[in-house]
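One structure is given below, encoded as structure tokens.
2 protein chains.
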Amino acid sequence: MPRPSVEAERREQILSAACEVVSELGFKSLRIADVARRAGTSSGTVHYYFDTKTALMRAAFEWNFARSLDRRRDLLQEHADPRQRLRAFVDSYLPGDPETVRAWHVWAELWVEALHDRDLQELNEQVYGEWRRLMASIVRDGQDAGLFRDEDPVVVANALIGMIDGLALQVLLGSRSMTLERMRAVCEQVLSSLTVGSSA
Amino acid sequence: MPRPSVEAERREQILSAACEVVSELGFKSLRIADVARRAGTSSGTVHYYFDTKTALMRAAFEWNFARSLDRRRDLLQEHADPRQRLRAFVDSYLPGDPETVRAWHVWAELWVEALHDRDLQELNEQVYGEWRRLMASIVRDGQDAGLFRDEDPVVVANALIGMIDGLALQVLLGSRSMTLERMRAVCEQVLSSLTVGSSA
DNA sequence: TTGATAACTGACGGGTCCGTCAACCATCGG
DNA sequence: CCGATGGTTGACGGACCCGTCAGTTATCAA
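Protein chains in written order, with numbering that gives the first Met the number 0: chain A, 0 to 199; chain B, 0 to 199.
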């Protein structure tokens with residue numbers, strides 16, 4: 000057995016680079032050579048770890064998802080109050096810091112790519128399912144504590160997630176009528192209308 | 000002056016074909032030759048009307064938008080009651096019939112393309128502005144009639160549009176947990192929570 | 001009929017880029 | 001020191017496709 004395996008970290012480097020390039024150039028314009036350069040290696044090495052461009056992108060999408068979850072795992076433990084937990088959770092999805100923006104970009108590329116790719120649709124299904132599960136469970140906690148209105152938590156979660164997706168997209172597009180701050184305001188408004196005894 | 004101008008209708012044919020191909024294959028995989036074949040003409044003719052692929056796509060996006068507006072223009076006159084008007088408007092965006100689905104596909108491709116293209120961002124800004132203006136004005140009508148809660152109409156419109164965008168995307172992705180019917184249910188729920196005196 | 005122009009065609013040049021491959025390097029066990 | 005194996009490299013073949021262009025057809029005015 001020669002040379003201690005560097006496979007894990009090299010894969011990581013390449014996937015991270017791939018996400019960066021996708022975020023900057025888009026899937027359509029991504030070249031293997033770009034990813035290689037960004038990862039500080041050669042195109043041959045990229046192909047050594049990922050047979051095809053498709054395989055690379057699929058792995059990059061999965062990696063992007065895994066990291067998104069990781070970044071939020073602790074967050075859910077930090078707040079005992081479901082209202083604050085929900086707020087913090089939603090807040091973590093606002094496309095503010097560069098890392099979150101990058102993740103959103105990759106995410107958006109996945110969506111459009113998945114429109115014509117069954118495998119990626121399956122991946123989206125898992126991701127979306129996980130996200131919805133987390134959101135619905137927070138809502139349920141809040142309702143059990145008598146803090147949120149008594150609507151179907153799954154419906155509420157779907158509505159919130161859909162809204163966040165749609166708004167984030169507009170923010171990412173640099174819309175002047177939907178800036179980060181305005182998105183934050185809309186979310187605040189909607190969240191506070193979820194809590195009991197606040198019809199205005 | 001030779002041969003009566005066929006420019007207008009030929010452009011229309013090509014743009015329509017372009018939207019169909021984009022919807023089926025995605026922007027990334029769209030070939031000029033595909034559009035030509037779909038339009039029943041040659042690649043040379045496509046280039047006769049549109050200098051570059053980029054110009055073709057930009058025009059196709061604009062055309063898609065114009066048609067979307069046309070399809071809904073009458074709809075807003077049909078219902079005197081703002082509640083029904085809002086419901087019909089939202090309903091017209093549900094990705095049910097093939098034409099609406101196709102329009103959504105094109106729309107989604109525009110989004111992702113626009114992430115890296117200032118010109119397309121500007122186009123998105125116009126479209127989104129128009130949509131938001133329509134939606135907000137319905138909400139305002141409803142509030143004036145004392146039918147809707149007294150929240151900022153623009154915030155409500157943004158929230159609704161964001162939600163519709165996000166949900167439609169999941170439906171288009173063939174999500175098992177976000178089907179057309181479930182999207183319809185979520186929209187119903189949210190819309191009815193807008194009307195006064197309905198906290199459940 | 002003839003010339004002019006709009007509309008159209010499809011072959012092809014040229015650029016791009018994926019994936020392959022032959023060669024190379026580094027590190028280990030024996 | 002040697003062979004084996006994991007890891008790496010970059011050149012290149014070949015496929016793909018945009019945009020050009022020389023040539024063709026259709027329609028009109030004179």
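Glycine residues also receive a C-beta, built at the ideal position from the N, C-alpha and C atoms.
Nearest-angstrom Cα distance between Leu24 of chain B and Val34 of chain B? Start at 1 with the first residue of the second sequence, and residue 24 of chain B comes out as number 25. Start at 1 with the first residue of the second sequence, and residue 34 of chain B comes out as number 35. Their Cα atoms are separated by approximately 11 Å.
Going along chain B in order, which residues have a C-beta closer than 9 Å to the C-beta of Phe26 of chain A? If you number the first sequence from 1, residue 26 of chain A lands on position 27. The answer, in chain order, is Lys27 and Val111.
Using a Cβ-Cβ cut-off of less than 7 Å, list which residues of the region 102-130 of chain B approach chain A; keep chain order. His104, Ala107, Glu108, Trp110, Val111, Ala113, Leu114, His115, Gln120, Asn123, Glu124, Tyr127 and Gly128
C-alpha distance - Leu85 of chain A paired with Glu180 of chain B, whole-angstrom precision: Reading the first sequence from its first residue, position 86 is the one you call residue 85 of chain A. Reading the second sequence from its first residue, position 181 is the one you call residue 180 of chain B. Leu85 of chain A and Glu180 of chain B: Cα-Cα distance of roughly 26 Å.
State yes or no: is the beta carbon of Arg181 of chain B nearer than 9 Å to at least one beta carbon in chain A? Position 182 of the second sequence, counted from the first residue, corresponds to residue 181 of chain B. It does: the Cβ of Arg181 of chain B has a partner Cβ on chain A nearer than 9 Å.
Closest by CA to Thr194 of chain B, which one among B:Arg139, B:Ala16 and B:Ser42? On the second sequence, position 195 is the one that residue 194 of chain B refers to. Selected option, being the one with the closest Cα: B:Arg139.
Taking the alpha-carbon positions, what's the Ala17 of chain B to Thr53 of chain B distance? As a working mapping, residue 17 of chain B is identified with position 18 in the second sequence. As a working mapping, residue 53 of chain B is identified with position 54 in the second sequence. Going by the C-alpha atoms only, they are around 12 Å apart.
Taking Cβ-Cβ distances shorter than 7 Å, what residues in chain A pair up with Gln142 of chain B? Within the second sequence, numbered from 1, the residue matching residue 142 of chain B stands at position 143. Here the premise fails: no neighbours, minimum Cβ distance about 12 Å.
Is it true that the CB of Leu114 of chain A sits closer than 9 Å to the CB of His104 of chain B? For this step, residue 104 of chain B is matched to residue 105 along the second sequence. For this step, residue 114 of chain A is matched to residue 115 along the first sequence. Contact: yes.
Just how far apart, CA to CA, sit Arg175 of chain A and Trp130 of chain B? Against the first sequence, residue 175 of chain A aligns to sequence position 176. Against the second sequence, residue 130 of chain B aligns to sequence position 131. Going by the C-alpha atoms only, they are around 14 Å apart.
Give the interface partners of Ser176 of chain A over in chain B, defined as CB-CB distance under 9 Å, in chain order. Here residue 176 of chain A refers to the residue found at position 177 of the first sequence. Here the neighbours are Glu124, Tyr127, Gly128, Arg131, Val153 and Asn157.
In DSSP terms, what Thr194 of chain B is bridged to: Residue mapping note: residue 194 of chain B aligns to position 195 of the second sequence, counting from 1. Paired residue(s): B:Phe147.
Classify Gly196 of chain A: buried if its beta carbon has 16 or more other beta carbons within 10 angstroms, exposed otherwise. As a working note, residue 196 of chain A is residue 197 in the first sequence. By the neighbour-count rule (16 or more Cβ atoms within 10 Å), Gly196 of chain A is not buried but exposed.
Cβ neighbour criterion (16 or more within 10 Å) applied to Gly145 of chain B: Locating residue 145 of chain B in the second sequence gives position 146, counting from the first residue. Flag for Gly145 of chain B reads exposed.
Determine the chain B residues that contact Trp34 of chain A at a beta-carbon separation under 8 Å, and present them in chain order. Counting from one through the first sequence, the residue named residue 34 of chain A turns up at place 35. It is Val, not Trp, that sits at residue 34 of chain A in the sequence shown. Going along chain B, no residue has its Cβ under 8 Å from Val34 of chain A, so there is no contact; the nearest lies around 16 Å.
When the Cα of Pro203 of chain A is compared with those of A:Ser22, A:Ile137 and A:Glu8, which residue comes out closest? Residue numbering for chain A in the displayed model covers 0 to 199; residue 203 of chain A lies beyond these limits and cannot be assessed.
In whole angstroms, what separates the C-alpha of Phe49 of chain A from that of Leu55 of chain A? Numbered from 1 along the first sequence, position 50 holds the residue referred to as residue 49 of chain A. Numbered from 1 along the first sequence, position 56 holds the residue referred to as residue 55 of chain A. In a straight line, the C-alpha of Phe49 of chain A is about 5 Å away from that of Leu55 of chain A.
Pick helix, strand or coil for Val185 of chain B, following the three-state DSSP scheme. Sequence index remark: in the second sequence, residue 185 of chain B carries index 186 (1-based). Helix at Val185 of chain B.
Does any C-beta atom of chain B lie closer than 9 Å to the C-beta of Asp164 of chain A? Taking the first sequence and counting its residues from 1, the one referred to as residue 164 of chain A is at position 165. Yes, Asp164 of chain A counts as interfacial toward chain B.
Do you know how far the Cα of Ser28 of chain B is from the Cα of Glu121 of chain B? Within the second sequence, residue 121 of chain B is the residue found at index 122, counting from 1. Within the second sequence, residue 28 of chain B is the residue found at index 29, counting from 1. Their Cα atoms are separated by approximately 24 Å.
Using a Cβ-Cβ cutoff of less than 6 Å, which residues in the same chain neighbour Ser198 of chain A once the five nearest sequence positions on both sides are dropped? Here residue 198 of chain A is taken as the residue at index 199 of the first sequence, counted from 1. Confidence at Ser198 of chain A is low in this model, with a pLDDT of 45, below 50, so the placement of that residue is unreliable and no value is reported for it.
Got a sec: does the ligand NAP put a non-hydrogen atom nearer than 8 Å to the Cβ of Glu180 of chain A? Only the bare structure without any ligand can be found here, which leaves the ligand NAP out of the picture.
What residue range is occupied by the uninterrupted alpha helix (DSSP H) comprising Leu74 of chain A? For the purposes of this step, residue 74 of chain A is taken as residue 75 along the first sequence, with counting starting at 1. Counting along the chain, the alpha helix (DSSP H) containing Leu74 of chain A begins and ends at Leu74 to Glu77.
When the Cα of Glu124 of chain B is compared with those of A:Trp62, A:Leu168 and A:Gln12, which residue comes out closest? For the purposes of this step, residue 124 of chain B is identified with residue 125 of the second sequence, where counting begins at 1. Closest option to Glu124 of chain B, Cα to Cα, is A:Leu168.
If you draw a straight line from the C-alpha of Asp143 of chain B to the C-alpha of Arg132 of chain B, how long is it? Translated into the one-based positions of the second sequence, residue 143 of chain B becomes position 144. Translated into the one-based positions of the second sequence, residue 132 of chain B becomes position 133. Rounded to the nearest angstrom, the two C-alpha atoms are 16 Å apart.
Quick one: Cα of Phe147 of chain B to Cα of Asp69 of chain A, how far? In the second sequence, the residue the question calls residue 147 of chain B occupies position 148. In the first sequence, the residue the question calls residue 69 of chain A occupies position 70. Phe147 of chain B and Asp69 of chain A: Cα-Cα distance of roughly 41 Å.
With C-beta atoms as the reference, is Glu150 of chain A less than 9 Å away from Ser192 of chain B? For the purposes of this step, residue 150 of chain A is taken as residue 151 along the first sequence, with counting starting at 1. For the purposes of this step, residue 192 of chain B is taken as residue 193 along the second sequence, with counting starting at 1. Contact flag set, yes.
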